[in-house]
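There are 4 protein chains.
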Amino acid sequence: MVGVKKKIRIGMIGYQFMGKAHSHAYRDLPFYFDDAPLIPELKVIAGRNEEAVKQAQEQMGWESYETDWRKVIERDDIDVIDIVTPNHTHAEIAIAAAEAGKHIMTEKPLALTVEESKRMLEAVQKHGVKHMVCHNYRYAPAVQFAKKLIDEGKIGRIYHFRANYLQDFIMDPSFPLVWRLKKEVSGSGALGDIGAHSIDLARFLVGEIEEVTAMMDTFIKERPIGEMTGGLSAQGDAQEMGEVTVDDAVAILARFENGTMGTFEATRFAGGNRNKNKFEINGEKGSIRWDMENMNNLELYLAEDRDGEQGFRLIHCTDEAHPYAANYWPSGHIIGYEHTFINLVDEFFRGIAEDYQPTPNFEDGVRNQIILEAVEKSAEEKRWVSIDKI
Amino acid sequence: MVGVKKKIRIGMIGYQFMGKAHSHAYRDLPFYFDDAPLIPELKVIAGRNEEAVKQAQEQMGWESYETDWRKVIERDDIDVIDIVTPNHTHAEIAIAAAEAGKHIMTEKPLALTVEESKRMLEAVQKHGVKHMVCHNYRYAPAVQFAKKLIDEGKIGRIYHFRANYLQDFIMDPSFPLVWRLKKEVSGSGALGDIGAHSIDLARFLVGEIEEVTAMMDTFIKERPIGEMTGGLSAQGDAQEMGEVTVDDAVAILARFENGTMGTFEATRFAGGNRNKNKFEINGEKGSIRWDMENMNNLELYLAEDRDGEQGFRLIHCTDEAHPYAANYWPSGHIIGYEHTFINLVDEFFRGIAEDYQPTPNFEDGVRNQIILEAVEKSAEEKRWVSIDKI
Amino acid sequence: MVGVKKKIRIGMIGYQFMGKAHSHAYRDLPFYFDDAPLIPELKVIAGRNEEAVKQAQEQMGWESYETDWRKVIERDDIDVIDIVTPNHTHAEIAIAAAEAGKHIMTEKPLALTVEESKRMLEAVQKHGVKHMVCHNYRYAPAVQFAKKLIDEGKIGRIYHFRANYLQDFIMDPSFPLVWRLKKEVSGSGALGDIGAHSIDLARFLVGEIEEVTAMMDTFIKERPIGEMTGGLSAQGDAQEMGEVTVDDAVAILARFENGTMGTFEATRFAGGNRNKNKFEINGEKGSIRWDMENMNNLELYLAEDRDGEQGFRLIHCTDEAHPYAANYWPSGHIIGYEHTFINLVDEFFRGIAEDYQPTPNFEDGVRNQIILEAVEKSAEEKRWVSIDKI
Amino acid sequence: MVGVKKKIRIGMIGYQFMGKAHSHAYRDLPFYFDDAPLIPELKVIAGRNEEAVKQAQEQMGWESYETDWRKVIERDDIDVIDIVTPNHTHAEIAIAAAEAGKHIMTEKPLALTVEESKRMLEAVQKHGVKHMVCHNYRYAPAVQFAKKLIDEGKIGRIYHFRANYLQDFIMDPSFPLVWRLKKEVSGSGALGDIGAHSIDLARFLVGEIEEVTAMMDTFIKERPIGEMTGGLSAQGDAQEMGEVTVDDAVAILARFENGTMGTFEATRFAGGNRNKNKFEINGEKGSIRWDMENMNNLELYLAEDRDGEQGFRLIHCTDEAHPYAANYWPSGHIIGYEHTFINLVDEFFRGIAEDYQPTPNFEDGVRNQIILEAVEKSAEEKRWVSIDKI
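Residue numbers (the numbering used here), protein chains in the order written: chain A, 12 to 401; chain B, 12 to 401; chain C, 12 to 401; chain D, 12 to 401.
Below, the structure written as structure tokens:
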């Protein structure tokens, strides 16, 4: 009975690309999940630009807006703070929210530095609030199904994890110097923005990384200073140029604690790859492939199949047997990017309702951040870096 | 400014699979379309089973419910009647709605017979209401983009249209005798349920069909009498058996008015094809392929490409250059089945707001129905049937 | 021991595209098949154009040449006559070869008419020679493997056979009026040239066809009169035009004796499809897909796979478990078009050596021809035609 | 005129997997290349096991055999020595052949060590013979076409080269300790056997590598001592075990001299990947993908394509516009693995006939070997290694 369900009241800080994804997830959750334990109420959205935040509030269906994020945290009628602002602001907001006893959802990467991220983790642990970092790709049904197969031992000991996260949206040299290209705001470039997702998938599916060595590069070193929008597309003003202070691309070799060999590549300079977030896992009994651009599909190879009948199966993860599929449409009717957020939000609220700590959370965020830092260090010093030395 | 936008008040008759798809579209429309001229209000949902409709009302966010559809039509505070009931009820409800001056959205096929569908068209024309038939696949961005390419002459004169709509959800002989398998309720089987979609795509992209010849078959002639649910999955009670009175599969040869050769196949007995709604168009200057199971992709071949560089391009129709893409996510972040409904509903409300008749509408529904009837006749009489003889 | 193996002496009539394919197969057979019972000797090749046939003889490694095919048949040192001339000459040559007691390999289609083909069959039967029609696609390892799966009952009762043979090499209106476009030489166009292959695959994999209805069209009705080469590419002289007297495209509905619904489409006007010879078979327990353009792959769907793990397997038919794979390269190292001929020739010689009649043979050729004629008749008279009425 | 063409007389040392591939190429070359300047004569094949080499001689059509390779080199009637023996014998044979004034074709990797390979290069240079290392994948038509596109500037400055060479043939722990798994015979494992191919493709398509860092692993450290066959499949005797002394897998980060970021992975533990030799190149104006398992296809993305029409083109490299395609079959009729050798051999003989040094040759072999050694060193010492320091 939806009518008598408990509500959970959300305050969101930020309102751009990720703000849209999160807002939509809150709106859609009760529609698709008839067993959702908590029904989100979109109470307030905050942003510094009043006109913009007001428009976002109306467009996305929030009850009210604020131009000072601290006011949101101060409000008594808010249970959850959702942080979708640029990365350099996560720590301050999250710590304040924890201190105010709010549960916290935040975008990734958790913070700019390991030190920051650890302070955030301490804060949420100290104040006993639930916390989540929005590595949404974990919540693609095909990825959840891959996890299930791995946990069941279906592919056995894992030999290889191979991830590529390829984009091309900044290849044009006239693409402006948005905040994602400035280290002081974003922490890093392709590494933290998209590589962090691959790292999260690796940790989710394979386990912890022990050491890394990496190379990073910035192919286009200066760009026109443009609007600091949060969107992925923007037009720069070609007259004034500024320095790109983050990586355009990163490639990583990794050794996992369980012996798996890992390779990662994250780049924004892979033409034709709009959002090619893909991985392949090779285990002793089988292999798994996934690609976000066709995210409903999972490729599965099982060595146990009869001789001659072996081959990668193209599984359309929309059958009732697949995670989350029953919440949406009949078999063969695909879902998209936004549904990864709905699934993740569902898990978040279940954690709150049933009092367990869902994943990926700030602990995952800290571990992810440590790996990001190890990667940067290894690239800078041109050597292998142990994760436990960070 | 969302706040001052005009509202449009919806009453929905029916609440199952299609009810879910339409309800979701109304909810999501204002979120994604900041220029939507009308904001839907989900006023009332109707169904005969009170418990079920009440649950649907709460789950999907309708303000109220009714158990008698006539009450919905009688209400003054309803602008649009949306009909998502089994096919045999469309005519009566639509005609009553038209007489009450309501705009009408209805599921496909429009009706059970051509005669019924023509009466429906007369009614909406007489009462001057807007009307639409929910051939949602037209509104996949990739299909809209295909239409644009064809209209621009990009592939030239069309030689071939080749459509397969393949499903497998009733292959198990223990799947029950749901309403979709009873002629008196659904009109036909694979033909009207899925073949009708291919026919609509053909008419949209290529033009009118002149004549057809077809074969139809029912592979499993008796099934356990089960729940008459509207869903696609159900469990039959194996004890009592009933006759399947619709086609399991249909194959059609068609000649279009413009000379295009057409082939169609619709079946629910194509194992492994969960919802393989696909087509290929071959024109003098290029070819186009589309497949609903990976609906964001369009394959495009252009003969004009340089020698050696010719090949089908796999276009991910999520760039800003693609229809509707700007409403959703950045390039490479896919959308799914449900978005076809949002796009279609957007067009419907624009038609109402700007006073033009959107497509596909009841006229398309009548033409589609004529083709369905010609197909059935040709299969029965084992001969070619001219469309204009129906 | 290759050295002491029995030889088999070949005389080939014709020397163009198919002459090349067959010659190569004879040359390669003993290299790849260490258990080949007979080692072909390329004794003589015949053609009317002395310069051309002499060049072919040298290029392809034949011992001698003739300009009169009758001389080849008269020779005592020839065991096999291989006919790769245009279709209208098959009957006369084959009958003469049979009367001379030669085994016969011939290109498809067997003849121009059913009557001709039946006379050919009578001749080979009367004279007790082995005979084969070169439907080479049967001998792709993936197709042989598909046959094995079907015979094992792996996909159960077959509901659908769906074949497309799509080419685009004559789409340019300036492509000349080669012999393949003249009815008196080739019998038919896309139908007999490529559709006949699909029909052969259907008969091989599914069974006999009971009745058909079809549509045919010639999109470009006049073409420049050009060189009557046997090759697929040619340049016409735009000054004089001649009538195209064969079909550019054909689409067929078929009912098989075992109840399978069949659809066929063969066209030379499907831009971007260079040689897309593909089929899909849907059975009660599984489905199979194949496409000549990636002929080493077979897609296999098995309904018996565990829920959630179902999907089309992309099988690379180069494992030792696959037919003929052990003759070639290690797993994953693909073979190509020409290997289908080597495999077929191997079967032919085994039939001769072990005194059994291999398939596809003239009986298959007659049955194929009957279907071609039924298709033409059905297209002309716009009605269903029973195969047993031809 | 084939008849009067000059002959070139081949002596082959070794007769297993690669012996078969090379022998076939020599046999097929004159058949497919009517402009071949030299016609190979298969004079003599050598191997230590008389029974085996005799069988190979007969099966593959060599005129004679020897059990001592030195006898082949001593013969006056031999122009070319082709070395297809295990890697540890390449140097001795090649140097002897050079001293005898023979042109040399050898399998890759050129040698076990850089030092060996340099001595080989010195020998061929000193004696003025032509030399080639059989990196056959360069000669896949699609790869040659990729090279042409890159040289034309079609994809602009290259940012990324990403290669995976994935196999799975030794994943079963009972697979025996064949020579490819023993360092003293093969030099290295996945690195030299398959990684060397990727490195060659990288050098061919992108340019020279400046520095590398790598990780290597041997997942199965002991295996049953089995037949030292050259084939890829073998059965071990499970009773006695021996140590695997080469890598099962290697992953590499590389910096090219032109700034390209490179990643390489070569493994024999990637289940379901039979021979997945693939790469992707991302340039400022476009991207290219290739995969040996479907080697006739090339994927090409061009940023210059009109907005909305951008996408990877699946080019079937069998059109006349594609390298080598005219030598084989009409468009759409694929070729396979063995044709890469025919094309390479054609280039080799052209070099001999026209007196230029074809590539890839011993210089490429040395450079490849240097990279292999740098990779091993970097993996061992866990640091970046400059190529010019080797």
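C-beta: ideal position from N, C-alpha, C; glycine also. Source: prediction; values computed, not measured.
Minimum Cβ-Cβ distance from residue i to chain F less than 9 Å
i, result
"Q70/C", "No chain F appears in this structure, whose protein chains are A, B, C and D."
Cβ-based burial, residue i [other Cβ within 10 Å; buried from 16]
i, result
"E85/B", "exposed"
"S397/D", "exposed"
"Y367/B", "exposed"
"G164/D", "exposed"
"C145/D", "buried"
"G139/C", "exposed"
Endpoints, alpha helix (DSSP H) assigned at residue i
i, result
"N379/B", "373–392"
"P41/A", "28–43"
"I210/B", "207–216"
"E69/A", "61–71"
7 Å Cβ cut-off: residues of chain D touching residue i
i, result
"E304/C", "H327, G343, I345"
"H350/B", "None at all; the shortest Cβ gap to chain D is about 18 Å."
Span of the beta strand (DSSP E), counted from its first residue to its last, around residue i
i, result
"L170/A", "Note on identity: in this sequence residue 170/A is Tyr, with Leu being the wrong assignment. Note, Y170/A: beta strand (DSSP E), 169–177."
"A57/C", "49–57"
"A225/D", "220–228"
"D302/C", "297–302"
"N293/D", "287–294"
"Y312/C", "308–313"
"I106/A", "No beta strand (DSSP E) holds I106/A; the alpha helix (DSSP H) holding it covers 101–110."
"L192/C", "Unbroken run through L192/C: none, as it is neither H nor E."
As assigned by DSSP and simplified to three states, the class of residue i
i, result
"P152/B", "helix"
"A265/B", "strand"
"R81/A", "helix"
"Q250/C", "strand"
"F186/C", "coil"
"T274/B", "strand"
"S75/B", "strand"
"S128/B", "helix"
"V257/B", "coil"
"F280/D", "coil"
"F435/A", "Residue 435/A lies beyond the residue range present for chain A, which begins at 12 and ends at 401; the question has no answer from this structure."
"D93/C", "strand"
Contact belief for residue i with residue j at Cβ below 8 Å, rounded distance in angstroms
i, j, result
"A262/A", "I220/A", "With 8 Å as the limit, A262/A and I220/A do not qualify as a contact, their Cβ atoms being about 15 Å apart."
"A157/C", "I299/C", "5 Å"
"T351/B", "N147/B", "4 Å"
"T278/A", "D259/A", "7 Å"
"G237/A", "V196/A", "Wrong, their Cβ atoms sit about 14 Å apart, outside the cutoff."
"M303/B", "N286/B", "6 Å"
Listed by chain order, chain C residues near residue i by CB distance under 9 Å
i, result
"D330/A", "D318, G319, Q321"
"Y170/B", "M182, D228, F230, D259, A260, T278, F280, A281, G282"
Where residue i meets chain C, residues with beta-carbon distance less than 7 Å
i, result
"F156/A", "G319"
"W395/B", "K393"
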